[in-house]
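Inspection log for the structure reproduced underneath, given as structure tokens.
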Ligand SMILES: *Cc1c(COP(=O)(O)O)cnc(C)c1O
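In the UniProt record's numbering, the protein residues as written are 1 to 391.
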């Protein structure tokens with residue numbers, strides 16, 4: 001095991017169980033577990049393997065190297081889709097590795113067709129339509145113009161047009177008018193493809209939020225990311241419990257220094273936090289280089305990001321530093337160096353979750369887990385390893 005003191009403990013049983021819950025929310029669709037960004041910080045290969053064990057028939061990787069890493073690790077069962085690449089990307093390798101490619105711009109179709117010819121194989125493609133997000137994807141004009149080209153490339157054997165897909169701008173606000181507009185635009189895009197003769201295997205639009213809150217757009221495939229890791233995409237509507245999810249990651253570190261600290265003394269850079277009484281100061285070896293947001297620094301009146309110590313919910317005292325944070329353990333605290341501090345976990349023990357850190361930092365839980373730094377070891381455990389669930 002690593003000698004780095006902090007660790008991100010990832011429970012693979014939680015990932016399996018979350019995928020099963022998501023499949024139950026979308027009984028008519030297959031599940032694509034989105035594992036981009038090192039599986040939202042949870043460790044690409046172990047997390048993807050657990051998601052597949054939980055029933056994901058597809059894996060989603062934003063970038064080509066992520067998709068290739070999955071195949072290189074021997075994950076050959078599920079289909080893999082990748083969707084974000086620049087001109088000159090290694091598309092031939094992706095095709096040879098049996099990775100499905102999104103086509104979101106006219107130049108991409110040209111590169112995919114050329115790569116398929118070079119590989120001597122048929123590339124499986126999903127046309128991505130921008131139905132209103134205003135990000136990646138074909139606008140309506142380019143989509144209509146590209147469809148015949150894609151079908152011609154299919155007739156020539158260079159590609160197989162397996163999917164039409166899109167992404168929502170307001171999935172976390174299920175009642176938003178733009179969601180409705182995008183649903184209508186997506187249905188029209190699918191119709192246009194089918195009328196032109198496309199024989200689609202999968203039409204897909206739903207991310208985690210839509211998987212959990214909008215069954216009318218599950219289509220053939222849902223693409224949850226954050227919910228696979230047990231965090232709620234719609235914290236204003238419900239927490240993990242409400243959706244049958246369990247947060248998979250716990251971030252923890254031992255105290256490395258515990259000492260008496262007098263009243264009226266500052267803690268950490270710039271003394272943003274000043275003690276009101278004699279107290280005990282603790283040092284936790286995790287800082288902004290490890291993904292602890294500097295925005296979650298604290299003062300006496302506005303405690304920073306939560307630190308769970310000995311069953312007490314405390315806050316970061318003063319500035320978050322690069323490698324460490326300080327905690328005011330309170331007068332008479334009995335903690336010692338080596339005692340465990342939990343920044344976030346499942347919340348089942350009354351402790352904080354990644355969502356609580358998101359609130360403290362003014363961001364979303366996605367950013368909390370994906371920004372855990374590379375030097376923090378990911379320790380994969382399996383709390384169900386010996387149970388019948390595995391069989
Ligand atoms: C990241 C991503 C998802 C997953 O989104 P969540 O909100 O994490 O469920 C789905 N589809 C696309 C295109 C994405 O980029």
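By construction, the Cβ of each residue, glycine as well, lies at the ideal position given by its N, Cα and C atoms. This structure is a prediction, so every number in the text was calculated from the model and none was measured.
Nearest neighbour of residue i, chosen from the options [CA to CA]
i, options, result
"residue 331", "249, 276, 16, 226", "276"
"residue 53", "83, 107, 64, 20", "20"
"residue 245", "255, 289, 234", "234"
"residue 342", "157, 356, 97", "356"
"residue 229", "214, 105, 46", "46"
"residue 172", "203, 239, 350, 106", "239"
"residue 281", "336, 211, 371", "336"
"residue 287", "307, 242, 124, 13", "307"
"residue 43", "370, 179, 385, 323", "370"
"residue 302", "86, 273, 180, 148", "273"
"residue 26", "314, 382, 211", "211"
"residue 174", "145, 214, 149", "214"
"residue 120", "157, 88, 340", "157"
"residue 193", "255, 180, 385, 147", "147"
Extent of the continuous beta strand (DSSP E) run through residue i
i, result
"residue 279", "279 to 284"
"residue 78", "Segment: none, residue 78 is in no beta strand (DSSP E) and carries neither H nor E."
"residue 30", "30 to 34"
"residue 161", "159 to 165"
"residue 202", "202 to 206"
"residue 123", "123 to 128"
Euclidean distance between Cα positions of residue i and residue j
i, j, result
"residue 368", "residue 151", "42 Å"
"residue 11", "residue 141", "45 Å"
"residue 271", "residue 69", "45 Å"
"residue 41", "residue 312", "27 Å"
"residue 221", "residue 143", "21 Å"
"residue 128", "residue 109", "11 Å"
"residue 118", "residue 111", "10 Å"
"residue 365", "residue 34", "16 Å"
"residue 321", "residue 48", "33 Å"
"residue 204", "residue 165", "5 Å"
"residue 375", "residue 253", "13 Å"
"residue 93", "residue 100", "11 Å"
"residue 14", "residue 103", "33 Å"
"residue 160", "residue 326", "56 Å"
"residue 124", "residue 84", "15 Å"
"residue 262", "residue 278", "4 Å"
"residue 391", "residue 291", "With a pLDDT of only 35 at residue 391, under the threshold of 50, the placement of this residue in the model should not be trusted; the figure read from the coordinates follows. Distance between the alpha carbons of residue 391 and residue 291: 36 Å."
"residue 352", "residue 241", "14 Å"
"residue 30", "residue 56", "7 Å"
"residue 414", "residue 380", "Given that the chain is displayed from residue 1 to residue 391, the structure contains no residue 414 and the question cannot be resolved."
Beta-bridge partners of residue i, as assigned by DSSP
i, result
"residue 322", "Note: residue 322 sits in no beta bridge, so no partner."
"residue 261", "279"
"residue 344", "251"
"residue 8", "251, 378"
"residue 107", "Per DSSP, none; premise fails for residue 107."
Beta-carbon contacts of residue i that lie in its chain and below 6 Å, excluding the five residues immediately before and after
i, result
"residue 206", "217, 218, 222"
"residue 139", "130"
"residue 182", "131, 132, 168"
"residue 60", "32, 34, 81, 223"
"residue 136", "104"
"residue 201", "162"
"residue 8", "249, 251, 372, 376, 378"
"residue 190", "164, 203"
"residue 95", "115, 116, 119, 121, 123"
Contacting residues, own chain, Cβ-Cβ under 7 Å from residue i (five flanking each side not counted)
i, result
"residue 296", "304, 305, 316, 320, 357, 360, 361"
"residue 264", "274, 275"
Own chain partners of residue i with C-beta closer than 8 Å, once the 5 adjacent residues on each side are dropped
i, result
"residue 388", "Unreliable placement is indicated for residue 388, whose pLDDT of 46 sits below 50; the coordinate value is still reported in the next sentence. Answer for residue 388: no residue qualifies."
"residue 197", "151"
"residue 4", "375, 376, 377"
"residue 269", "318, 319, 321"
"residue 231", "240, 245, 247, 353, 354, 355, 365, 366, 369"
Segment limits, alpha helix (DSSP H) that includes residue i
i, result
"residue 192", "177 to 195"
"residue 309", "Looking at the DSSP string, residue 309 is not in any alpha helix (DSSP H); the run it does join, the beta strand (DSSP E), is 306 to 309."
CB contact check: residue i to chain D, cutoff 8 Å
i, result
"residue 244", "This model lacks chain D altogether; it includes just one protein chain."
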